[in-house]
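Engineer: Encoded as structure tokens, here's the structure I'll be asking about.
In the UniProt record's numbering, the protein residues as written are 1 to 888.
So, in structure tokens, the structure goes:
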């Protein structure tokens, strides 16, 4: 049975040429001759779906997207090749269920790239798509071939050496060939050199430990995302993980997961630890940690860093998906069962007990062996000892024991069900009392409602994600800076208790806040509006992303839409007092919130910051401008408009890594991102905007209405078509409608410069049609919609003459700035502004050239420097923009 030999394959001319073909467990490769080291083509065995005979001496290898035809010396050789390929393909398929069990999301064996992109390679006419993966460098004709897995060759980096040649070029030298690469920029070259050097280091690292641990089938795939050949591990969780997941594990902290390399951290890998991983295996670990993972929440090798972080926090920090031990919730029984389990070889039982609340340092009752570790040592259970030692300092379940309360400190640890004590509670005559049971008459403790300052409702995810008896919890903060936590069996019960307590402690002037479906309710001091001189007490209720405020005299202020904040910042605490003030700016008005107690105010700050951020992947869940346009979209459009809609804008692709990074930062908090010329490339920002719309949940046109938009393109009568578009526009949700108008307005401006940027209406439609409708672009219906929207922008979006004149003036201003920039008179985006210091008088005016990237702080310092005013420690200066005319 051949694993290598001569075959003929037809190139594009369909004249068969003799090739030397090699087949191993991973790839089918063919070479010019038997002496060549690097192939002309490689086909992953995992992509082969069928192998069949197609005539005399010929056979066809069918992959998911492409077919390859080969001709053997004779029919006997052909049949042997077919049988061998079928055997290997079947063997890979039979192992697919095990990989699926590990990844819970994908059966792809493609490893995530450490670095990928286009490079010039001497000897090739066009740029190649180069991918660094682990200890190999793969070469592909283009990015499409990379997605299909059909490559040219790969280079084993254990024989490689990287050498910089000049500003953009570098050589990858092997004993068999020198690969001379050229990058687009010096920075790109440095990134490629670093990635390849890391690949060489990985190739030369010791693989002995990894090979021994990979001997267990389930350890060959990442326990979290399913990536093949994971070479990192969490030594206390006993899971083998890939490099990308290892990076996110580190973010959880060593108290939860202790990450080590299988290849580089040689000293940590004792014989006992290796045996522990061989006995445990990722399957056993995931039977506990990933017992209840919904398919919609699982991650795959291609998942982003943000998706991995979210999943790993839920899996290991919150324990959301784990299999609960039958004794979960009974601390004494858990500890007693742990003392028994460590004397046996049942490691899975020890794992379940320990991570469901059993204490690794519990009292065994045996003076000679006071801890579970001592019991395991006496019983000769080496692996149990190893497991306990690595979890001795793990911090999952520290926190409240006995009574569910905390004295003036926030807990970062999780709250296990065992840490609650069942109490009978009553609310009567302004006192919340809790008793040992319903027969006791003397309470264990009391909370007077007038002392309560804050009531937050917590979902079970916030405190351990337990599906045990405490489905939902709520907190009670008091004036003494104490925190009490109560858990109930259903969200409805928790909400009912919360409403009852709220009614008893909220002032009658703010009773209307109690009727809201609030997540957090309490009293704080604030300054706002025309009363900035002194702080007054008010009642606050947080409902989703809306903050409701009611003053002490019962006047209810306009609710703050937190996602529409212009600025959200914290101010330092004055040294002579304990409050922690915070500033919140919102649509032309400023609100300062001030806490009298550190404990509950920290909770308010965290809750407001969370509510003011983006919470999902749909448009309505993004941070918004006052006009309901996602701040991310507004930031990108504004930057592209200011800093250049040059030749090929939106058609040229930015750097993939920079696009991914910028999109993650903007989605995390676009309010804090300031796009600056020189720091951000226009093509990267344009690519970020396109990717945002491409990945948008429910799409810009929504799944409900997108087919109707595409159908409208078939209408031949232009007037009827425009009318249909206007009706469909009116049917969109407000945020989608506002966003579509902002984007088409921007594209309308871009095509106004088509003579300069070569992006006319048709070219823009080709780019944005498939992007906005999230299609493959095989037909032009999506592009036709975008082209119609741009062409009939005024009619469809009902743009009036005043608005149109304002846009034309802005376009004219942009053209003037570009002319000034090209003539060298001033930088594009600069303008001259008159600034007055304290009073609007001739003697106080200063004329300042303001670049587009200048901040208010920089402008303030510029004016103070000119007037030679020295800033003192407690001086606060503000900068205001005044529009004396509406059209200004």
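Using N, Cα and C, we set each Cβ at its ideal position, and we do this for glycine too. Bear in mind that the values here come from a model prediction, so they are computed numbers and not experimental data.
Confirm, please, whether the CB-CB distance from residue 552 to residue 509 is below 8 angstroms.
Structural biologist: Counting from one through the chain shown, the residue named residue 509 turns up at place 509. Counting from one through the chain shown, the residue named residue 552 turns up at place 552. Yes, they are a contact pair.
Engineer: Within the same chain, show all residues whose beta-carbon is closer than 6 angstroms to that of residue 351, passing over the 5 residues directly before and after it, in chain order.
Structural biologist: Here residue 351 refers to the residue found at position 351 of the chain shown. Excluding sequence neighbours, residue 351 sits near 288.
Engineer: Give the single residue among 766, 634, 661 and 749 whose Cα lies nearest to the Cα of residue 652.
Structural biologist: Mapped onto the chain shown, residue 652 falls at position 652. Of 766, 634, 661 and 749, the residue nearest in Cα terms is 766.
Engineer: Anyone know if the C-beta pair for residue 863 and residue 882 falls short of 8 angstroms?
Structural biologist: Walking along the chain shown from the start, residue 863 turns up at place 863. Walking along the chain shown from the start, residue 882 turns up at place 882. Contact: no.
Engineer: Per the contact definition of three or more C-beta pairs closer than 8 angstroms, is the segment 597 to 610 in contact with the segment 472 to 482?
Structural biologist: Yes, the segment 472 to 482 touches the segment 597 to 610.
Engineer: Use the C-beta contact count for residue 97: other C-beta atoms within 10 angstroms, 16 or more gives buried, fewer gives exposed.
Structural biologist: Position 97 of the chain shown, counted from the first residue, corresponds to residue 97. Residue placement at residue 97 is poorly supported in this model, since its pLDDT is 44, which falls under 50; the coordinates are not used for a value here.
Engineer: Tell me whether residue 746 is buried or exposed, calling it buried when 16 or more other Cβ atoms sit within 10 Å of its Cβ.
Structural biologist: Counting from one through the chain shown, the residue named residue 746 turns up at place 746. The residue in question, residue 746, is buried, as its Cβ has 16 or more Cβ neighbours within 10 Å.
Engineer: Should the segment 793 to 803 be called in touch with the segment 739 to 754, which here means at least 3 C-beta pairs below 8 angstroms?
Structural biologist: Yes, the segment 793 to 803 is in contact with the segment 739 to 754.
Engineer: Run the CB neighbour count on residue 447, radius 10 Å, all protein chains shown included, and call it buried at 16 or more, exposed below.
Structural biologist: Residue mapping note: residue 447 aligns to position 447 of the chain shown, counting from 1. Burial call: buried.
Engineer: Spell out the partners DSSP gives residue 680 in its beta bridges.
Structural biologist: By one-based count along the chain shown, residue 680 stands at place 680. Per DSSP, 677.
Engineer: Which runs of the alpha helix (DSSP H) at least 4 residues long sit entirely within the UniProt domain "PH" (112 to 201)? Give them in chain order.
Structural biologist: Fully enclosed alpha helix (DSSP H) runs of 4 or longer: 143 to 148.
Engineer: Secondary structure at residue 599, three-state DSSP: helix, strand or coil?
Structural biologist: Here residue 599 refers to the residue found at position 599 of the chain shown. Here residue 599 sits in helix by DSSP.
Engineer: Can at least three beta-carbon pairs, one atom from the segment 365 to 376 and one from the segment 323 to 332, be found at a separation below 8 angstroms?
Structural biologist: No, because fewer than three Cβ pairs between the segment 365 to 376 and the segment 323 to 332 fall closer than 8 angstroms, the two stretches do not touch.
Engineer: Tell me the residue span of the alpha helix (DSSP H) that contains residue 310.
Structural biologist: One-based indexing of the chain shown puts residue 310 at position 310. Run containing residue 310: 305 to 312, per the alpha helix (DSSP H) assignment.
Engineer: Mapping DSSP to helix, strand and coil, what is residue 430?
Structural biologist: Your numbering for residue 430 matches position 430 in the chain shown. Coil.
Engineer: When you compare the CB positions of residue 231 and residue 262, do they come within less than 8 angstroms of one another, or not?
Structural biologist: In the chain shown, the residue the question calls residue 231 occupies position 231. In the chain shown, the residue the question calls residue 262 occupies position 262. For residue 231 and residue 262, yes; Cβs fall inside 8 angstroms.
Engineer: Quick one, which of 228, 63, 121 and 115 has its alpha-carbon nearest residue 148's?
Structural biologist: Here residue 148 refers to the residue found at position 148 when the chain shown is read from its first residue. Residue 148 has its Cα closest to that of 63, out of 228, 63, 121 and 115.
Engineer: Do you know whose CA, among 122, 277, 178 and 153, lies nearest residue 386's CA?
Structural biologist: As a first step, residue 386 must be located in the chain shown, where it is residue number 386. Comparing Cα-Cα distances from residue 386 to each of 122, 277, 178 and 153, the minimum goes to 277.
Engineer: Please state the DSSP three-state secondary structure of residue 550.
Structural biologist: Within the chain shown, residue 550 is the residue found at index 550, counting from 1. Residue 550: strand per DSSP, three-state reduction.
Engineer: Hey, how far is the Cα of residue 546 from the Cα of residue 514?
Structural biologist: Here the question's residue 546 lines up with position 546 in the chain shown. Here the question's residue 514 lines up with position 514 in the chain shown. Whole-angstrom Cα-Cα distance: 15 angstroms.
Engineer: Could you check what DSSP says for residue 800 in three-state terms: helix, strand or coil?
Structural biologist: Residue mapping note: residue 800 aligns to position 800 of the chain shown, counting from 1. Three-state DSSP puts residue 800 in coil, outside helix and strand.
Engineer: With DSSP as the reference, identify every bridge partner of residue 477, one or two as the case may be.
Structural biologist: Taking the chain shown and counting its residues from 1, one reaches residue 477 at position 477. The partner list for residue 477 (beta bridge, DSSP) reads 454 and 483.
Engineer: Spell out a yes or no on whether the segment 167 to 179 and the segment 235 to 244 are touching, meaning 3 or more CB-CB pairs, one atom from each, closer than 8 angstroms.
Structural biologist: Segments in contact, no.
Engineer: On the three-state DSSP scale, how would you describe residue 345?
Structural biologist: Residue mapping note: residue 345 aligns to position 345 of the chain shown, counting from 1. Looking at residue 345 - three-state DSSP - the assignment turns out to be coil, as it is neither helix nor strand.
Engineer: Suppose you measure from the CA of residue 659 to the CA of residue 670; what does that come to, to the nearest Å?
Structural biologist: If you number the chain shown from 1, residue 659 lands on position 659. If you number the chain shown from 1, residue 670 lands on position 670. Approximately 14 angstroms between the Cα atoms of the pair.
Engineer: Taking only beta-carbon positions, decide if residue 44 is within less than 8 angstroms of chain C.
Structural biologist: In the structure shown, chain C does not exist; there is a single protein chain.
Engineer: Give every residue of the same chain whose Cβ lies closer than 7 angstroms to the Cβ of residue 629, excluding the five residues on either side of it in the sequence, and list them in chain order.
Structural biologist: Taking the first residue of the chain shown as position 1, residue 629 is located at position 629. Closer than 7 angstroms at the Cβ level, and outside the excluded window around residue 629, lie 738, 739 and 742.
Engineer: I'd like to know whether the C-beta atoms of residue 130 and residue 117 end up nearer to each other than 8 angstroms.
Structural biologist: For this step, residue 130 is matched to residue 130 along the chain shown. For this step, residue 117 is matched to residue 117 along the chain shown. It is a contact, given that the beta carbons lie within the stated cut-off.
Engineer: Assign residue 814 to one of two classes, buried (16 or more other C-beta atoms within 10 Å of its C-beta) or exposed (fewer than that).
Structural biologist: Position 814 of the chain shown, counted from the start, is the residue given in the question as residue 814. Its Cβ being crowded by 16 or more others within 10 Å, residue 814 is buried.
Engineer: Are the segment 558 to 567 and the segment 493 to 505 touching, with three or more C-beta to C-beta distances below 8 angstroms?
Structural biologist: These segments do not touch.
Engineer: Just curious, the beta strand (DSSP E) that residue 44 is in, first and last residue?
Structural biologist: As a first step, residue 44 must be located in the chain shown, where it is residue number 44. 41 to 44 is the span of the beta strand (DSSP E), which, as asked, contains residue 44.
Engineer: Among all the DSSP beta bridges, which residues are the ones paired with residue 630?
Structural biologist: By 1-based counting over the chain shown, the position of residue 630 is 630. Residue 630 is bridged to 624.
Engineer: May I ask which residues mark the beginning and end of the beta strand (DSSP E) holding residue 786?
Structural biologist: For this step, residue 786 is matched to residue 786 along the chain shown. Careful: residue 786 lies outside any beta strand (DSSP E), inside the alpha helix (DSSP H) at 781 to 791.
Engineer: Which residue marks the beginning of the beta strand (DSSP E) containing residue 28, and which one marks its end?
Structural biologist: To locate residue 28, count along the chain shown from 1; it is residue 28. Unbroken beta strand (DSSP E) run through residue 28: 27 to 31.
Engineer: Spell out a yes or no on whether the segment 195 to 215 and the segment 258 to 272 are touching, meaning 3 or more CB-CB pairs, one atom from each, closer than 8 angstroms.
Structural biologist: Output reads yes: the segment 258 to 272 touches the segment 195 to 215.
Engineer: Taking 8 angstroms as the threshold (C-beta atoms), are residue 635 and residue 675 in contact?
Structural biologist: Mapped onto the chain shown, residue 675 falls at position 675. Mapped onto the chain shown, residue 635 falls at position 635. In contact: residue 675 and residue 635 (Cβ atoms closer than 8 angstroms).
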